[in-house]
Amino acid sequence: MSASAIIMMLVAIVTVWGGMAVSIVHLMRHPEEHDDE
């Protein structure tokens, strides 16, 4: 693989896993409140 392909792959991996980690941390700090009706 070329260097640019490796860089683009790393950017995609960091974007996906970083977004997932941020969402997990956000949900742990602010859990969803369920409305019991």
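Here the sequence shown stands for residues 509 to 545, where the numbers follow the numbering used here.
C-beta: ideal position from N, C-alpha, C; glycine also.
Item                                                                                                      : Value
If we ignore side chains and look at the alpha-carbon of each, how far apart do Trp525 and Met517 end up? : 12 Å
Determine the DSSP secondary structure at Met536, reduced to helix, strand or coil.                       : helix
Put Ser531 into one of helix, strand or coil per three-state DSSP.                                        : helix
Can you give me the C-alpha to C-alpha distance between Ile521 and Val530, rounded to a whole angstrom?   : 14 Å
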